[in-house]
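J.: One structure coming up, written as C-alpha cells, with questions to follow.
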Amino acid sequence: MNFDFSDDQKLLKEQVRKFLTDKCPTKVVRRVLDGNETHAEEVWKGLVDLGVPGIGIPEEHGGLGLSPLELCVVAEEVGRAAAPVPFDTSVVLATEALKLAGSDAQKKKWLPELAAGKAIGTLAIAEGPQPPKPRGIRTTFGGGRLNGKKLPVADGEAATFAIVLANTGGQGDRAVSLVLVDLKQAAVAKKRVETIDPARKHAELTFKDAAADLLGSEGEGWRTLERLYDAAAVYFAFAQVGGAEAAMWMARDYALQRQAFGRAIGSYQAIKHKLADCYVKLELARSNAYYGAMMLTEGGADLPLAAAAARIAATDAYDFASKENIQTHGGIGFTWEADTQFHYRRARVMALALGGPMAWKDKLVTRLEQKNVA
Amino acid sequence: MNFDFSDDQKLLKEQVRKFLTDKCPTKVVRRVLDGNETHAEEVWKGLVDLGVPGIGIPEEHGGLGLSPLELCVVAEEVGRAAAPVPFDTSVVLATEALKLAGSDAQKKKWLPELAAGKAIGTLAIAEGPQPPKPRGIRTTFGGGRLNGKKLPVADGEAATFAIVLANTGGQGDRAVSLVLVDLKQAAVAKKRVETIDPARKHAELTFKDAAADLLGSEGEGWRTLERLYDAAAVYFAFAQVGGAEAAMWMARDYALQRQAFGRAIGSYQAIKHKLADCYVKLELARSNAYYGAMMLTEGGADLPLAAAAARIAATDAYDFASKENIQTHGGIGFTWEADTQFHYRRARVMALALGGPMAWKDKLVTRLEQKNVA
Amino acid sequence: MDFNDTPEEAAFRKEVRAWLDANATRKSDDKQSFRARSDDPELLRKAKAWQDKKAKAGYARITWPKEYGGRGGSPILQVIYQQEEANYLVPLGFFDIGLGMCIPTMMAYASPEHLQRYVKPALHGDEVWCQLFSEPAAGSDVAGIRTKAERDGDGWVINGQKVWTSGAHYSDYGIIITRTDPNVPKHQGLTMFFLSMKTPGVEVRPIKQMSGGANFNEVFFTDVRIPDSQRLGKVGEGWKAALTTLMNERLAVGMPSGGLDVDELMELARDTDLEDGPAIRNQQVRSKIADWYVQRQGLKLTRYRTLTALSKGQTPGPESSIIKIVAAPKMQDMGAFAMELMGPAGIMKEEVPHAAGFQAQWIGGAGFRIAGGTDEILRNIVAERVLGMPADVRVDKDVPFNKLK
Amino acid sequence: MDFNDTPEEAAFRKEVRAWLDANATRKSDDKQSFRARSDDPELLRKAKAWQDKKAKAGYARITWPKEYGGRGGSPILQVIYQQEEANYLVPLGFFDIGLGMCIPTMMAYASPEHLQRYVKPALHGDEVWCQLFSEPAAGSDVAGIRTKAERDGDGWVINGQKVWTSGAHYSDYGIIITRTDPNVPKHQGLTMFFLSMKTPGVEVRPIKQMSGGANFNEVFFTDVRIPDSQRLGKVGEGWKAALTTLMNERLAVGMPSGGLDVDELMELARDTDLEDGPAIRNQQVRSKIADWYVQRQGLKLTRYRTLTALSKGQTPGPESSIIKIVAAPKMQDMGAFAMELMGPAGIMKEEVPHAAGFQAQWIGGAGFRIAGGTDEILRNIVAERVLGMPADVRVDKDVPFNKLK
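From first to last, the protein sequence lines are chains C, Z, G and E.
Residue 634 is where the first sequence starts when you use my numbering, and the numbers rise one by one after that.
Residue 634 is where the second sequence starts when you use my numbering, and the numbers rise one by one after that.
Residue 3 is where the third sequence starts when you use my numbering, and the numbers rise one by one after that.
Residue 3 is where the fourth sequence starts when you use my numbering, and the numbers rise one by one after that.
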C-alpha cells in the first residue's frame, strides 16, 4: 500500500510552501484585492523561476516533464496561500487543454512559452448569465475568424492567449469546438469585470473577426472540455484542500487566542466541534483528492468518478471552512481588514468555475451508473 | 391579530393531555409494543368517552360538530403520548374521507358509528413495495366487488371498515377510485405484518370478491386522496409536533440529570445547541401547523401550500428530535428498556404514511408555482 | 384563528393610514425604500424632519408614557404603526437605537432634569443617540470591557476604545459602559454613563466591512472628561443597567427585510436553463426552495404568534428567539446556492440578473450570523432561557478582573 | 502512488492466501458471513477451533512477540492477514477484545507467571476475555466508575455493576477497573484487576437493545473476592492502565462492515418508480447518492492512507479518528432515506426488497453514533488531539470522588 506522495514530491511541496509563505503572505493578496494589478507579478515570476508552469509540460517542449502528482502538491500550496496568480487558468486549464487536444504545431508553439512563463493562457467558456451548455454558445468560429463575447474570463487581462469555446455549426453536443486565440491582436478587446473576488481579476473578452485556430477536431469541443474539467477538478481539489486547511488553522489559531467569559473560545464545544467538522470534511476531501491524483497519473478508468468525488468533497470542505472561519472570528472576521475574506471569496469562485456541486453530483451518479453497467 | 387557539380549545387540549398522562403513560405504549394487542383498548375507550372521534363529525351525524382546530389540539396530545390508538387512521383519515367524498347514505351509516366509537375506520392505499401511484394499483373494483391485497394497512386488524384505493379501469390519474368496504365479512382476510413500530400495529388485507361500494365518483380516487392527504397532513403535523416536543423535553430532562465529568451533560454546548436546534425546528413546525389549521378551518385557498409546509416542517422536527433524544441519552437510550424508541419509531412511521418529505417538497413547489401564476 | 385586527386595532390602523396618506408618499412596490443608516447628510436631514412630524402627531413612540411624548399605547399599536409606515417612502433607521435602547435606559436611571433635557429632542429627531458597549476584547462577552472610567474630582475621565457602534458618526449622544473598578470580578466593576459625542477626546472612525459597507464605527476615548451627573445608576452597577439595554437589543434584532428571498430564487430557477431543462424542474432545486420556503413562512408565522400575544396584552413567548438562528444561515446559504445556479457568471457583480442581490445575501449573511448575538450565543440563550438548561461553567465569575488572563 | 503491496507484503499475502485456501472455504460472494458475537454455542465452538488453527500456524496475532506466540511482524502484515481472512467463511469476532485490549493490558502489568498461564489459552481461543469498564453512571466519562474494590486481608472484595460488556456471557476472564479510594479525585482512586468470570458473585445479564439484538451485557458483582495477585498495576494507578486499553479500543472501532450501502441504495433507486419515473433519475436522490458515495469513498481512501503509514513503518496520522464521525450518521440517515424511497411499505420488515437491511442501518446507526465514543466525544477528541484545542473546563478534576455531586 503506497497511497501517499513520495518524499521528493513532499520536498517540492515544502519548497513551494516556503516560497509562498515568504513572498505571498496575506498582505500580497490584500494588495491585489484592493488594487488595480491583474495579479501579483512578483509571486508569479517566482513561481516561474521555480519551474511551476513547466511541471506538467514534457521536456521536449521545455517543461520539467513531471507527473500530475507534482502539480497536485503545488496546487495545494497555491490554494493555501490564496495566491493571486494565474495558476488555475494558465498552469492548469490552458496547459492541460493544449496537452489534451493541441496539434503538434500548437504544442510546439505554446508549451515552451507557457513553461518559460512568457505566455499566460486562460480558458473562456461562459457568456454571461446562464450556465454554459453545448447548445446556446453564441460566440462563433468559422473561416479562421472568431466572433463573440466571453465573460467572466479569469485572468483575461493578464492572459496572452485564450482557449475559447465557440459554435462551429454542428448538431447537438457537436455544435461547439475549442479554438485557440492569440489575445495580442487588435481584434480582441479586454474589459475588466467586477466580481466577488477582486483578488482574482476577471475580464470580458470581445472578439471581432479575431484570427484563431481550432484546438482539436471540430465538434469535439464539449467532449474535450469534459475531459479537461475532470483533470482540472483534481488540481482544483488540491487547491481547495489547501485553502480549506488554511482557513481551518486560521480559525483554530484565533480560537486559541480569543478569550470570552474568562477562557479561550477554543475551549467551548460550539467552536471545537465546528472545527472538528472542518477537519472531517477536509480529510474526506484530501483522501478523495489523492485518489483523483492517482487516477490522473495512471490514466485510470476511474478518473471521471474520482475527479467528481474529489471535486464535490473539496468544494464542500472549502465552503465550510471558509465560512466557519469568519464565524469563529466573530465581528472582527467580518471586517475588510480581516484576512478571513480571502478564502471566503476564493472558495466561491473555485466552486463555480468548473460548474457547481449540483452539476458534479449529477455527473458522479451518471459515472457510477456507467461503472456499474460496465 | 389572533393567530392562536382559543381558551376553550386550550382547555380541551389540557383535558386530553391530562387523560393521556394518566391513562397512557409510556408503559402503556410499551405494553402494546411488546404485546399482541392491536391497540390500547382502554385508552381508545377513554378517548371515545371524551368524545374525540366525534369532534369533527357534524351533530346531525352524532358528532360534536366542532372545527378542525379542536381536532388539531387533540392530535397534538395523541402525538405527544405516542398513543397506541387508531386516531390517525379512524379519526383523521377515515372520518375525513367520509366527510370529503361520502354519499349521504354512507355518512348516515358510518359517521354516527365512528362518533360513538362503534366503528374503527382505516385507509388502505399501499400494495407492498413501491410508493403508491394512480397507475399500477392492482386491487380492482367492479360490479360491487373488491379484489386484491393491501399492505401495510395501519390498524388493519382493529378496523371494522376500510377505505380502499382500487383500480376501476379509467385512464391515467382517473384509473383509480376510493371504495368503502366493510371488513366484517368473510371475503376479507386480515394478517398482521411486522413493522418498525410494533406499538402501532399494521396488517395485510386481502379481498376476494368482497362487497364494497364507491366512495365518491368513479375515477376521482386520486384527486380525493390528494385533498384528503392535505387535511391529514395538518392533523399529522400537530401529532408530529406533539411527539417532537415530548422527545425534546425527554432529552432535556435527562440532560439535566445525567452527569459526566462532574457536571450535568446539559451544561455542555454540544447538548445545549442540539436541543436548541430541536426547539427551533419545533417552533417552525408549530407555526406552519397553526397556519395549516387556520386554512383547514377557513377552507382557505392556501390550504394545499400550508398543508405541505406544515407536513415538511413537522416531519423534520419529529425526525430530528426523536433521533437526538436517543443520542442525548447515550447508551441507555439505545436499550429496549428506554422510552426513547417510541418516538424514534413513530416519527418514521408518520413520516412515511402520507408520503415522505421528498414528495411533499415537490408538491409544495408545484403549489407555489400555481399560486404565483394565479 | 385569524390574522385580523381587533376593533380597536382596526380603528388605530385606519387612523394611522389616513395620517400617513396625508403626510407621506405610498410606495409603488414593496422593494422601494430609502437606504437607511447611510452617511448621506441629506438623508439624515430628511429623517430628522420625518421623525419630528411623527413626534408631533404622537406616533414617534406609541408605548411611551404621555409625559414623554408617547401615547401610553400597547405594544401591538406600535407594531401596527410600523407595519403601516413600512408601506410609505420615508427614511427610517436613524433613531431605533436611541429610542429603542438608549432613552429607555435613561428613563430608568437619569435624573428628572436630564430626562427633561434629552427625551424630547431624541423623540423629535433633533438629537441622535448611539450605544457604546462592544469593545475589541468584549464581543459576545460584553462584560469583558476594558474602557476605563476613573474618578477625577467631581467627574470621571474615560480612556479606551469601543467598536461596532452603529451610527456613531452621526450621533449626538451615547450611553457608554465603562470599567470603574478592575479589582473586583468583571460584572461588579462596571458603571454606565451618557455623554455627548462632541466631548473633547471622542474620536469616531468608520469600520469597513467585508461587504464593502461601513455601517459601524470604532470610537476612541482619550482623556474624555465628564461630570458625575452623567452617571446612569450606581457606581459598580453598570452591568444591571447594561442588561436592560441588551434585552431590548436582542428583541429588536428581527428579520432582515428587503433582501432577495424564495420568490426571487424561484424566478431565477425558472429563468435558468440547465443541461436537462429549466432549473425549476430539478428536484434538488425544488427541495431547497421548499426548505427555505418552510423556514421563511415559519418565521413569518412565528412573528404572527408573537403579535397575537402582544395583541392580547400578553408578554410574547420565547418564539421570537429563533428568528435570527434561522434567518441568518438561510440568507448565507441561499445566496451561495443562487450564485451556483447562475453558473460561472454567478460571481459577476453586474450584468447578471439578481446576481448582486444574492451576492449581498451570501456575504451579508456571514455578518448577520454574528451581529447582535452570534449563532452560538443565540443557541445558548435558547437552551438556557427557553429550555432551562444550565449555563456553561464560568471560570471568570469570582475572579477580580485584573487577575483574569 | 498506488495500492500495491511491497514485495515483502506481496509475499506474505501469497503465503497467507495459500494457507487459508488449504484450511478454510472461500466465500462465494462478499455478503456471506458467519454471524459474529452470537450466543450460539456451536458457533463459539467453531470459532475456538479456527482460532486454535490460526494460532498454531502463527497467524493469530502477528504483531505479538514470538515468545507469546506471535511472529513479531509489523502491523501492516496483521492487516493483510485480516484482509485475506475476510474473504473466507470463518467465524470471527469472539477474540478481538481479549487479544486486542485485555491481553495487551496484561502484558503491560501482569506477572510473568500470569502471562505464562493466560496468554497462550487466549491466543489459541481456549479462553475468551472481556473488558469490564463502563458503568451505568460512567459512560463517556469512564473515570466516573463506582464499582468498589475494598481490601480484605490478602485480597480484595468487589461490589458494583458494569454495563455494555461485549461478550461477557461467553467470556472466561475479564479485566476490570474499580474504585479503591473514593477520598481522592476521581482519576486517582482507581485500580485495575483481572478476574475469572466464574468467580462467585459475578452475574451476567444480557441487555436487549432497541434493535432487538443483545450483543452487550450488564455484569453484577456481589462480594466478589479476588487475590491481590490479580491486580494489574499499582493501587490507585488504574486510570493509567485503563488508558492503555481504551486507546486500543478507539483504534479498533472501525467501519461497520457488511451493511447495505450506496450500491444497494442505487439498486433501490433504480427499482423504485416515482410518479415521474424511476427514483434514480430524481436529482434529489442523485444528490444524496453522490454525497454518501463521496463519504464512503473518502473513508475507504482514508483507511488506505492509514495503511500506507503502517506499511512504511510509521505511526498512522489522526485521519482514522474521523471514520465513526462520518460513518455512523451516514448509516442512520441513509437507512431513513432508503425507507422513504420505498414509500409507506418502507416500514415493513418483510416482503419489501432491502427494507430489513436499511431498517437495520436506520436503527443500528442510532446505536453506532453512541457505542465506542459518542459523536460528541469523538469531536472533542479530534478538536483536542488533532487540532490542539484546549480541553473543556473540568470541574471534577481536583475534587475527591465522594465529594462530587
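For every residue, glycine included, the Cβ atom is placed at its ideal position computed from N, Cα and C.
Predicted model only: the values in this text are computed from it and were never measured.
For P77/E, which of helix, strand or coil comes out of DSSP?
T.: In the structure shown, P77/E sits in a helix (DSSP, three-state: H, G or I).
J.: Within 7 angstroms of any Cβ in chain D, is that where the Cβ of V998/Z sits?
T.: Of the protein chains in this structure, namely C, Z, G and E, none is chain D.
J.: Tell me where the alpha helix (DSSP H) around R2/G begins and ends.
T.: Because chain G here runs from 3 to 407, residue 2/G falls outside it and cannot be looked at.
J.: In angstroms, rounded to a whole number, what distance separates the CA positions of L389/E and L908/C?
T.: Computed Cα separation, rounded: 8 angstroms.
J.: Under the three-state reduction of DSSP, which class applies to V982/Z: helix, strand or coil?
T.: It is helical.
J.: Do we get a CB-CB distance below 7 angstroms when we pair S700/C with the residues of chain E?
T.: Cβ-Cβ to chain E under 7 angstroms: no for S700/C.
J.: Alpha carbon to alpha carbon, how far is R978/Z from W294/E?
T.: Cα to Cα, the separation comes out at about 23 angstroms.
J.: On the CB-based measure, 16 or more other CB atoms within 10 Å of its CB, does Q316/E come out buried or exposed?
T.: With fewer than 16 other Cβ atoms within 10 Å, it is exposed.
J.: Put E672/Z into one of helix, strand or coil per three-state DSSP.
T.: Per the sequence shown, residue 672/Z should be read as His rather than Glu. It is coil, neither helix nor strand.
J.: Can you round the beta-carbon distance between F196/E and Y175/E to whole angstroms, since I take them to be within the 8 angstroms contact cut?
T.: Yes, F196/E and Y175/E are in contact; Cβ-Cβ is about 6 angstroms, under 8 angstroms.
J.: Mind checking if Q739/Z is an interface residue toward chain E, Cβ cutoff 7 angstroms exclusive?
T.: False, the Cβ-Cβ gap to chain E never drops below 7 angstroms.
J.: Among L929/C, A950/C, A986/C and V867/C, which residue has its Cα nearest to the Cα of I758/C?
T.: Among L929/C, A950/C, A986/C and V867/C, the Cα nearest to that of I758/C belongs to A986/C.
J.: If we count the other Cβ atoms within 10 Å of its Cβ and call it buried at 16 or more, is R207/E buried or exposed?
T.: It is exposed - the Cβ of R207/E has fewer than 16 other Cβ atoms within 10 Å.
J.: Work out the CA separation of V328/E and F97/E for me, nearest whole Å.
T.: Their backbone Cα atoms lie some 27 angstroms apart in a straight line.
J.: Would a check of beta-carbon distances place S289/E closer than 7 angstroms to chain C?
T.: Judged by the 7 angstroms Cβ criterion, S289/E is in contact with chain C.
J.: Taking the alpha-carbon positions, what's the K783/Z to F967/Z distance?
T.: Using only the alpha carbons, I get a separation of about 33 angstroms.
J.: Measure from the alpha carbon of K834/Z to the alpha carbon of each residue in L1001/Z, K651/Z and V982/Z, then state which is nearest.
T.: The shortest C-alpha separation from K834/Z is found at V982/Z.
J.: For L889/Z, would you say it is in contact with chain E, using Cβ-to-Cβ distances shorter than 7 angstroms as the test?
T.: No, its Cβ sits nowhere closer than 7 angstroms to a Cβ of chain E.
J.: Check V92/G in the structure and name its three-state DSSP category.
T.: V92/G falls in the coil class under three-state DSSP.
J.: If you draw a straight line from the C-alpha of L858/C to the C-alpha of P355/E, how long is it?
T.: Approximately 40 angstroms between the Cα atoms of the pair.
J.: Can V130/E and G100/E be called in contact, C-beta distance under 7 angstroms?
T.: Yes, these two residues count as a Cβ contact at 7 angstroms.
J.: Could you tell me the alpha carbon to alpha carbon distance between D1/E and Q133/E, rounded to whole angstroms?
T.: Since the displayed chain E opens at 3 and closes at 407, residue 1/E lies outside it and no answer follows.
J.: Which runs of the alpha helix (DSSP H), 4 residues or longer, sit entirely within the segment 160-213 of chain E?
T.: Complete alpha helix (DSSP H) runs here, min 4: none at all.
J.: Is DSSP giving Q818/C helix, strand or coil here?
T.: Residue state, collapsed to three classes: coil.
J.: Could you tell me whether the Cβ of Y912/C comes closer than 7 angstroms to any Cβ of chain Z?
T.: Not closer than 7 angstroms to any Cβ of chain Z, the Cβ of Y912/C fails to qualify, so no.
J.: Taking the alpha-carbon positions, what's the D995/Z to T948/Z distance?
T.: Rounded to the nearest angstrom, the two C-alpha atoms are 15 angstroms apart.
J.: CA-CA distance, P691/C and K732/C?
T.: Whole-angstrom Cα-Cα distance: 9 angstroms.
J.: Any beta carbon from chain C within less than 7 angstroms of G256/E's own beta carbon?
T.: A caution first: G256/E carries a pLDDT of 49, below 50, which makes its placement in the model too unreliable to give a value.
J.: Might you give, ordered along the chain, the residues of its own chain that have their beta carbon closer than 6 angstroms to the beta carbon of V685/Z, omitting 5 neighbours on each side?
T.: Only V707 meet the Cβ criterion.
J.: Give a yes or no on whether the minimum CB-CB distance between D398/G and chain C is below 7 angstroms.
T.: Interface residue, yes.
J.: Any beta carbon of chain G sitting closer than 7 angstroms to that of Q285/E?
T.: It does; some Cβ of chain G falls within 7 angstroms.
J.: Roughly how many angstroms lie between the CA atoms of P280/G and R713/C, to the nearest whole one?
T.: Roughly 36 angstroms between the two C-alpha positions.
J.: Taking E277/E as the query, report the chain Z residues whose CB atoms sit under 7 angstroms from its CB, ordered along the chain.
T.: By Cβ distance, chain Z contributes K766.
J.: Taking the alpha-carbon positions, what's the K651/C to K290/E distance?
T.: If I take the Cα positions, the gap works out to 40 angstroms.
J.: In chain G, which residues lie less than 7 angstroms from V395/E when you measure between Cβ atoms?
T.: Per Cβ cutoff of 7 angstroms: V395 and V397.
J.: Name, please, each residue of chain E whose Cβ falls closer than 7 angstroms to the Cβ of R896/Z.
T.: Residues of chain E passing the Cβ test: V397.
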